[in-house]
Amino acid sequence: MNINITEFTNEWIESWNSHDIDKILSHYSDDFEITTPMIKTLLGIETGTLKGKDKIKEYWEMALQKVPDLTFELIDVTVSVNSIAIYYKSVLDKKAIEVMFFDKNNKVNKILAHYTT
410 MNINITEFTN EWIESWNSHD IDKILSHYSD DFEITTPMIK TLLGIETGTL KGKDKIKEYW
470 EMALQKVPDL TFELIDVTVS VNSIAIYYKS VLDKKAIEVM FFDKNNKVNK ILAHYTT
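Per this note's numbering, numbering through the sequence shown is continuous, rising by one, with the last residue being 526.
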């Protein structure tokens, strides 16, 4: 992983707050995978997992329509080997942690999202 963590994190938060789906998706590989309880809740997929930029784009576009005032507020970011965990305030004042794994092209190829209950 050869990225500036602070720059990446700030750009990631800003892209979500802009609601610009292309800007959001620019951080991810074409085959990335996301697992989140929100997928289970919104789409009824028991595993909570979607794979592939096209499928995830549709899901995120739906989510942005359902929550037009979506805003993320960065709390902290931690770093590991080829991964980071972004801790932020999400929708409905929930706190979230997204663990992001990076591929050799410095694109996120896997996400595990966690939310406070």
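Virtual Cβ for every residue (Gly too), placed ideally from N, Cα, C.
Name the DSSP bridge partner or partners of residue i?
i, result
"Val517", "Tyr437, Phe511"
"Ala494", "Thr487, Val508"
Here's the rule: buried if 16 or more other CB atoms are within 10 angstroms of the residue's CB, otherwise exposed. What is residue i?
i, result
"Leu499", "For clarity, residue 499 is Ser in the given sequence; the question names Leu instead. Per the 10 Å Cβ criterion, buried."
"Thr445", "buried"
"Ile412", "exposed"
"Thr418", "buried"
"Glu507", "buried"
Report the CB separation of residue i from residue j in whole angstroms; it is logged as a contact under 8 Å.
i, j, result
"Trp469", "Ile495", "About 16 Å separates the two Cβ atoms, so there is no contact after all."
"Lys449", "Glu455", "7 Å"
"Phe481", "Ile422", "5 Å"
"Ile414", "Ser424", "At roughly 16 Å, the Cβ-Cβ gap does not stay under 8 Å, so Ile414 and Ser424 are not in contact."
"Tyr437", "Lys460", "With 8 Å as the limit, Tyr437 and Lys460 do not qualify as a contact, their Cβ atoms being about 11 Å apart."
Give a yes or no on contact between the stretch 467-476 and the stretch 484-491, applying the rule of three or more CB pairs nearer than 8 Å. no
Could you say if the stretch 425-443 and the stretch 507-519 meet the contact criterion of at least three C-beta pairs nearer than 8 Å? yes
Whole runs of the beta strand (DSSP E) within the stretch 437-465, excluding any shorter than 3 residues: 437-444, 458-460
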